[in-house]
Structures are given as structure tokens and as C-alpha cells.
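Peer 1:
There are 2 protein chains.
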Amino acid sequence: MSNIHDVAQCAGVSIATVSRVLQGSPKVSPKTRNRINEAIKELNYHPNKLAQNFRTQKTYNILIILPELGNTFYTEILAGIESVVNPQGYRILVVSSHGQPALEASLYSILEEKQVDGIITFSASLPAETMYQYANQYPVVIACRRIQEGNFSNIAIDNEKASFDITNYLLNLGHKRFCYLAGPSELPLYNDRLLGFRKALKKRNVAIDENLILRCESTIQGGYDNVLKLLNRGARFSALVAGGDTLAIGAIRALNRFGRSVPSECAVVGFDDIELSSIFSPSLTTVRQPQREIGIRSAEQLLDLIGGAKPTFSTEILDYELVIRESSGDFRPE
Amino acid sequence: MSNIHDVAQCAGVSIATVSRVLQGSPKVSPKTRNRINEAIKELNYHPNKLAQNFRTQKTYNILIILPELGNTFYTEILAGIESVVNPQGYRILVVSSHGQPALEASLYSILEEKQVDGIITFSASLPAETMYQYANQYPVVIACRRIQEGNFSNIAIDNEKASFDITNYLLNLGHKRFCYLAGPSELPLYNDRLLGFRKALKKRNVAIDENLILRCESTIQGGYDNVLKLLNRGARFSALVAGGDTLAIGAIRALNRFGRSVPSECAVVGFDDIELSSIFSPSLTTVRQPQREIGIRSAEQLLDLIGGAKPTFSTEILDYELVIRESSGDFRPE
DNA sequence: TTGTATGCGTTATCAA
DNA sequence: TTGATAACGCATACAA
Numbered sequence: 002m003s004n005i006h007d008v009a010q011c012a013g014v015s016i017a018t019v020s021r022v023l024q025g026s027p028k029v030s031p032k033t034r035n036r037i038n039e040a041i042k043e044l045n046y047h048p049n050k051l052a053q054n055f056r057t058q059k060t061y062n063i064l065i066i067l068p069e070l071g072n073t074f075y076t077e078i079l080a081g082i083e084s085v086v087n088p089q090g091y092r093i094l095v096v097s098s099h100g101q102p103a104l105e106a107s108l109y110s111i112l113e114e115k116q117v118d119g120i121i122t123f124s125a126s127l128p129a130e131t132m133y134q135y136a137n138q139y140p141v142v143i144a145c146r147r148i149q150e151g152n153f154s155n156i157a158i159d160n161e162k163a164s165f166d167i168t169n170y171l172l173n174l175g176h177k178r179f180c181y182l183a184g185p186s187e188l189p190l191y192n193d194r195l196l197g198f199r200k201a202l203k204k205r206n207v208a209i210d211e212n213l214i215l216r217c218e219s220t221i222q223g224g225y226d227n228v229l230k231l232l233n234r235g236a237r238f239s240a241l242v243a244g245g246d247t248l249a250i251g252a253i254r255a256l257n258r259f260g261r262s263v264p265s266e267c268a269v270v271g272f273d274d275i276e277l278s279s280i281f282s283p284s285l286t287t288v289r290q291p292q293r294e295i296g297i298r299s300a301e302q303l304l305d306l307i308g309g310a311k312p313t314f315s316t317e318i319l320d321y322e323l324v325i326r327e328s329s330g331d332f333r334p335e
Numbered sequence: 002m003s004n005i006h007d008v009a010q011c012a013g014v015s016i017a018t019v020s021r022v023l024q025g026s027p028k029v030s031p032k033t034r035n036r037i038n039e040a041i042k043e044l045n046y047h048p049n050k051l052a053q054n055f056r057t058q059k060t061y062n063i064l065i066i067l068p069e070l071g072n073t074f075y076t077e078i079l080a081g082i083e084s085v086v087n088p089q090g091y092r093i094l095v096v097s098s099h100g101q102p103a104l105e106a107s108l109y110s111i112l113e114e115k116q117v118d119g120i121i122t123f124s125a126s127l128p129a130e131t132m133y134q135y136a137n138q139y140p141v142v143i144a145c146r147r148i149q150e151g152n153f154s155n156i157a158i159d160n161e162k163a164s165f166d167i168t169n170y171l172l173n174l175g176h177k178r179f180c181y182l183a184g185p186s187e188l189p190l191y192n193d194r195l196l197g198f199r200k201a202l203k204k205r206n207v208a209i210d211e212n213l214i215l216r217c218e219s220t221i222q223g224g225y226d227n228v229l230k231l232l233n234r235g236a237r238f239s240a241l242v243a244g245g246d247t248l249a250i251g252a253i254r255a256l257n258r259f260g261r262s263v264p265s266e267c268a269v270v271g272f273d274d275i276e277l278s279s280i281f282s283p284s285l286t287t288v289r290q291p292q293r294e295i296g297i298r299s300a301e302q303l304l305d306l307i308g309g310a311k312p313t314f315s316t317e318i319l320d321y322e323l324v325i326r327e328s329s330g331d332f333r334p335e
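Chains as they are written, first to last, in my numbering: chain A, 2 to 335; chain B, 2 to 335.
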């Protein structure tokens, strides 16, 4: 592997001049610039980024923490992020926290150790104080989660309110007996959604049966297993609200397996509007988040922070949209 | 930000001793070790990884290049990779090549610039010679693609043979008029699969109508759009073979939209066995790849290369499995 | 067991 | 426009 000295020697100049060419500095005569470029080509020289990063303390890498890979909900968000950071020369690296706080904590060391310039997390499974400490010291944007306790910059929809609304929609259809499928309690956004559900019922004085509130892994399998178990225990409900579309789809499969058809015997609604939700049969009533916009705004905020902006700790609440489809039993063809 | 000097000073030792503690060297007396650890805590010291990496020329990062993010096919593969590299202290970073050769090429610079210790690519959209050059100089494993021209270490199923088999399955059911949906020609695995399809038909002397061979983006939308257009032109076929499950599902939706039911009026098969394929209705007949094993073997090979092993350039062919479900019209309940 | 000193490859400051 | 050189933070060979 050749280094900058080799290039300098080969071109008959000093390493300083080579460095200038690498930086695209205008203060190099065209003639020497050419000589140097030829030397670079001849030696197949690639600047050692490790040394560059070390010297400049900059990586042009941005870390994206997702609760899980392979959840299509994030695909469009990532595209939104890339659309703003790529033109600025940044690259995104994606890791999964697997929803485990310990693992997520270890990922922040990647930032403390300066291997990336900033983090956008969609996981945020750490305690608020810990997050606050990181966010105060480093460029960190928390997205898709609204943190009430403490002050944070973050971009999200109002999960609680959206959950309130979609529950209300079912209440308006006349449902009285509900089952709720929540994602893991480590991920606060699931708690927000559960809270919205509770508030909606409370406001209408509809009783909540705590036995019908389940915590599951937020996967199709998780929804399926938990609902099937519940049905086997003889539970009765006319509507099921899920904290995520995968959970809802698992629930529908369990209901079908148990011989209950959706929506005629049980209404089901989800959250997120993943791709599968419109394809699945019955198609899923759900809450659509502005995924691309979430990505774009998160990225813009992060670049500001990297650029030296002070964290404003202003929560940016984006709009959501109820998407009414077949699974809730009030399907109106478009 | 405190550095190793600060810690040394605070603990009253030299930086060499601090460094030894950081490396976990046994040649430090428990007493000084304690003093140093306290100093580290007190100063909230984090070793600057940029400097460490620079010094050791090692990052403990592995780059995974996928053709696209959000394709659940890769989820299990990634889990397999993590299961072998995490215990060794490596971390995986995932990027998408978006199937664009130019973009993928730019990703190799991340390796040349030593920002990662090795690459596993599932995209491999670059010319064989280029790939060969990289694979010869750096730790690079090419997975899910069998490169015939030239010698490469790679891990894959025999895409051509699997495609031959599943096509044969349809031929055995009596189909004579086929439509084929291929993914982008930049991704060679799609070409391999198309080739297997062609060979199967040729062997049985079944004519291939080139107008019924379509190239699409490998998404549900891509399959849907192309097949709908074809149907609107009045094309007739009794079986459709797709180079990927997303394409197949898009195709089924287009057929349904056009009023043709699957499988009774048209048999459809896919490739990959993504999660959706068993959930979709009709469930999809497809080829299942040993995803976890692909991940594990790729990672093991890569770690060998990183450890200094010479590339053996031996292609490792893993087994696949035909999964017969509803969409092909020969559904036998398990 | 501990300390001293060197160098990794680059950028950037200063002088020429 | 160019060159000499210091500095970045750390690991390590060698000396003590």
C-alpha cells in the first residue's frame, strides 16, 4: 500500500503539495497537479481514511439505529434520510438495536469513539436521562418517539393522539369490548400508543379488561401466538387494536385460524401502514405516518447539529393520517 | 474531551501504562490498574477510536452490501452473519447499493480507505474483473451469486438449477405457455435464474415467446405494473415464473385486478421464500434458500480472510428447497 | 511492573 | 506556489 510520501516522491514534490491536490485546493499549479495525479494513478494510491479521519476527527458517516432490520416501515424513512445527507457527502450506516437497551447503549460508544459524526435513533430504548446526556454532548436526533419527560429535539407524530383517534373510530362503530396488542414496553412509542388507547376508552366510559391487554414482540409471529393463546382461553372481544401493523396481521391470522372472520366477527386495526398492510387480505385499517418527511426532517436536524448548531430541544410533531380499509369493517371502496 | 495523557496525569502514571490497562494487558499491578480505572471514570474518558483504528489499522467493522434495504429476504441472513461476527467483537454496518453498479463501486472505497475490515456483498453488480481485483487485494466475500466467469470465493445456491427445477415443476403440471418476470439485468443472479428457466423450456422443446419475458424492478409494484401492461396488450399464458417473490406477488395482484384468478386461471411461482410469501393469499410456491446458513458461512469465510487466509476462490454451493404452496395450483396441505 | 520514545498517514501552520 | 515540520491520540518496542 502506497502512502502520501510515495506519491510525493514519485511526483517530485512535497507531501504538503500532494495533500493540497487531494483536498482540491486551488493553490497548486496545473502542471504539478497533473504530475501528482499521474503519480496517484500510477501507484494506485488511495488516501488512508483512517489517517484522514484521525487527523480531521470527522468521518462523514451517520449511524442510523433501528429497532429491527427488515421492517419495511423504515425503508422509506431511510430513503428520506439519504436524500438529504448523500448530497452533502455523508453516508448512512444502519444497525439494529434489536430493541435491547443494553445493545443500544453500546452503539452510542461508536459515536463517543468518533467512528460516526452523528446518530439518528428510531429505537430510543434508553432511559430519558441517559438519552439527554448523549443528546447534550453529541449530535443525536431521536425520531418517531415523543419524549415527554425532559427536553429533546425529536421528530415524530403524536403517537398517543393517533392511537386515541383510531380507537375512537372503533368506538364510533359501536364496539365496546376491546383487545389491545402492545409492542415491547422497552420501546416507549408502544407505551404512548397504549396510553392513547386507554384514554379513548376512558373518555367514553368503556371498561378496560386488563386481561385483554397483551405485550408481544412486534412481529407477525408475536401477534399470532399471543392472540391464539388468548382465544384458546375463551376470551371474547369484538375489536382488536394493535400497536403495529405486523402485530395486527398476526392477530388476524390467529383469529382466522380460530375460525373467526375479520372484520365480520372482529374488527382489527394496526399502526404504521407498512407495505404489507394494503396487500394483505383483508387490507388493514391503520395509521399512516409521513415516513419520507420523518426521514428528511431528522436528517436536516442532524446535519444542523453536526454543523455546530445547539440542540434546540424542540419537538417537531408531524401529521398522520387514518387509513380506513377492510379490516375495521367499515370499508368504503375508493 | 480528555485523552490518554489526561488519564495518565490524573492517575500519576505514564501513558504506556494507561494503554496497557485499556488493552487489558496482565502486566499491570492491581493497584495501579485501579488507580487508572478510577481516573478513567472520573474524567469520563473514552479512547478515541479514530486514533486507535489509525494506529492499529483495524476497525472491527464489517460492511454488508445489500441490493436493497427493507427486503425481508436478507433479515435472516444478517442474523446469521451477526451470530458469527459479534462474538468476535465485530460489528456489521449495512448499506444499500440500490442495485446501481456505480454506487456499489463507490462502496469499495470504504474498504480501500480502511474504514471497515472486510465486505460481504449480496449485490455484486460490478463486472467480474473488477470484483476479482478487489477480492484479490482485500477481504471480500460474494454471496448469493455464483460467478461462473473467473474464480471467486462465494456462497450461494445454484440459482440456475433452482430456477430450472421450479420451471420443470410447472412443466410437469402440463403448462406450455409461460410468462417470465426477471429482475434487473444488472444483478447477475436474476440472469442466472432466467437462464435456468430458458434451459428448462428448451429441454422440453417448449417454445419461448420473448414478448412474455419481462425485465422489472424487483418490487411488488414492478411486478404489478409490468404484468398489467402485458395483460392489457392481450397476452395469454397459463403459468408465470418470477425471479423473486415480490415480483410474483405483484404479478398475482395484477392478474386478479385483470379478473384472472390464481392458480385456477394462471399458476404463479416465485423465488426466495420471503416472509410475505407464506402469508399472502394465495400462498406462494417458491424456492427457499438456507438464509441463516448463507449468512453464517459468508461470515466465517470473511473472518478467515480478515485473519489473513488466502482467498481459496472455491464456490460453496448450498442446498435449496422447493416450497409448494397454493399459487402453483398443486397445493397439498401439509 | 513501569516509563520513554517512536511512528502510524494525514492535515495544517508557518515560512520561504 | 511550494516545502519543512508539528501535531492529532494511541500502541508498542525497548529500556529501565
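Every residue, glycine too, gets a C-beta built ideally from N, C-alpha and C. Quick caveat, the model's predicted, so the values are computed rather than measured.
Taking residue 341 (chain B) as the reference, which of B:318, B:281 and B:311 has the closest Cα?
Peer 2: No statement about residue 341 (chain B) is possible, as the shown extent of chain B runs from 2 to 335 and does not include it.
Peer 1: Could you check if residue 73 (chain A) is buried or exposed, using at least 16 other CB atoms within 10 Å of its CB as the buried criterion?
Peer 2: Burial call: buried.
Peer 1: Grouping DSSP H, G and I as helix and E and B as strand, with all else coil, what is residue 75 (chain B)?
Peer 2: Helix.
Peer 1: How many whole angstroms separate the CB atoms of residue 242 (chain A) and residue 270 (chain A), which I take to be in contact at a CB cut-off of 8 Å?
Peer 2: Indeed they touch by this definition, with Cβ atoms about 6 Å apart.
Peer 1: Is DSSP giving residue 313 (chain B) helix, strand or coil here?
Peer 2: Of the three classes helix, strand and coil, the one that applies to residue 313 (chain B) here is coil, per DSSP.
Peer 1: Between residue 50 (chain B) and chain A, is any beta-carbon pair separated by less than 8 Å?
Peer 2: Yes - at least one Cβ of chain A is within 8 Å of the one on residue 50 (chain B).
Peer 1: Could you pull the DSSP bridge partners for residue 319 (chain B) from this structure?
Peer 2: Answer by DSSP bridge pairing, in chain order: B:158.
Peer 1: Could you give the DSSP three-state label for residue 7 (chain A): helix, strand or coil?
Peer 2: In the structure shown, residue 7 (chain A) sits in a helix (DSSP, three-state: H, G or I).
Peer 1: Out of curiosity, what's the CA-to-CA distance linking residue 16 (chain A) and residue 60 (chain B)?
Peer 2: Cα to Cα, residue 16 (chain A) sits roughly 26 Å from residue 60 (chain B).
Peer 1: Check whether the Cβ atoms of residue 304 (chain B) and residue 86 (chain B) sit closer than 8 Å, and answer yes or no.
Peer 2: Yes, the pair counts as a contact, with Cβ atoms nearer than the cut-off.
Peer 1: Could you give the residue range of the beta strand (DSSP E) that holds residue 181 (chain B)?
Peer 2: Note, residue 181 (chain B): beta strand (DSSP E), 179-183.
Peer 1: Leaving out five residues on either side along the sequence, give the residues of the same chain with a beta carbon under 6 Å from the beta carbon of residue 78 (chain A).
Peer 2: Closer than 6 Å at the Cβ level, and outside the excluded window around residue 78 (chain A), lie 292, 295 and 296.
Peer 1: Check the Cβ of residue 110 (chain B) against every Cβ in chain A and list those closer than 9 Å, keeping chain order.
Peer 2: Ordered by position in chain A, the residues that pass the 9 Å Cβ test against residue 110 (chain B) are 47 and 50.
Peer 1: For residue 313 (chain A), decide whether its Cβ has a neighbour in chain B, counting only Cβ atoms nearer than 8 Å.
Peer 2: No, no contact with chain B.
Peer 1: Which residue marks the beginning of the alpha helix (DSSP H) containing residue 22 (chain B), and which one marks its end?
Peer 2: From DSSP, the alpha helix (DSSP H) with residue 22 (chain B) extends over 16-24.
Peer 1: Quick one: what's got a C-beta closer than 7 Å to residue 331 (chain A)'s C-beta in the same chain, skipping five residues either side?
Peer 2: Counting only Cβ-Cβ distances below 7 Å, and skipping sequence neighbours, we find 174 and 325.
Peer 1: Which residues in chain A have a C-beta closer than 7 Å to the C-beta of residue 79 (chain B)? List them in chain order.
Peer 2: Result: 70.
Peer 1: For residue 135 (chain B), collect the residues of the same chain with a Cβ closer than 6 Å to its Cβ; drop the 5 residues on either side in sequence, then sort them by chain order.
Peer 2: Counting only Cβ-Cβ distances below 6 Å, and skipping sequence neighbours, we find 109 and 141.
Peer 1: Using a Cβ cut-off of 9 Å, pull out every chain B residue sitting near residue 75 (chain A), in sequence order please.
Peer 2: In chain order: 70 and 71.
Peer 1: Pull out every residue of the region 284-313 of chain B whose Cβ sits closer than 7 Å to any Cβ of chain A, in chain order.
Peer 2: Per Cβ criterion, the list is empty.
Peer 1: Which partner residues of residue 328 (chain A) appear in the DSSP bridge assignment?
Peer 2: For residue 328 (chain A), which the question treats as bridged, DSSP gives no partner whatsoever.
Peer 1: Using a Cβ-based criterion (distance less than 7 Å to any ligand heavy atom), does residue 109 (chain B) qualify as near the ligand GTP?
Peer 2: In terms of ligand content, the structure shown is empty, and the ligand GTP therefore cannot be addressed.
Peer 1: Using beta carbons (cut-off 8 Å, strictly below), is residue 335 (chain B) in contact with chain A?
Peer 2: Here the model assigns residue 335 (chain B) a pLDDT of 44, short of 50, so the residue's position is not dependable, and the following value carries that caveat. Judged by the 8 Å Cβ criterion, residue 335 (chain B) is not in contact with chain A.
Peer 1: What residue from A:22, A:28, A:31 and A:57 has the CA that sits closest to residue 41 (chain A)'s CA?
Peer 2: Residue 41 (chain A) has its Cα closest to that of A:22, out of A:22, A:28, A:31 and A:57.
Peer 1: Distance cutoff 8 Å, beta carbons only. Does residue 94 (chain B) sit that close to anything in chain A?
Peer 2: Yes - at least one Cβ of chain A is within 8 Å of the one on residue 94 (chain B).
Peer 1: Would you report the Cα separation of residue 233 (chain B) and residue 204 (chain A), rounded to the nearest angstrom?
Peer 2: Computed Cα separation, rounded: 52 Å.
Peer 1: Rounded to whole angstroms, what's the CA-CA distance from residue 207 (chain B) to residue 199 (chain B)? Just pull it up for me.
Peer 2: Approximately 9 Å between the Cα atoms of the pair.
Peer 1: Which class does residue 240 (chain A) belong to by DSSP, given the choice of helix, strand or coil?
Peer 2: Three-state result, residue 240 (chain A): strand.
Peer 1: In chain A, which residues lie with their C-beta within 7 Å of the C-beta of residue 58 (chain B)?
Peer 2: Near residue 58 (chain B) (Cβ distances below 7 Å), the residues of chain A are 51.
Peer 1: For residue 264 (chain B) and residue 237 (chain B), I'd like the C-alpha separation in whole angstroms.
Peer 2: Going by the C-alpha atoms only, they are around 15 Å apart.
Peer 1: Leaving aside the five residues before and after residue 158 (chain B) along the sequence, list all residues of the same chain whose C-beta is less than 6 Å from its C-beta, in chain order.
Peer 2: So the list reads 290, 319 and 321, once near-sequence residues are dropped.
Peer 1: Report the neighbours of residue 280 (chain A) on chain B: residues whose CB is nearer than 8 Å to its CB, in chain order.
Peer 2: Correct list: 221, 250, 254, 277 and 281.
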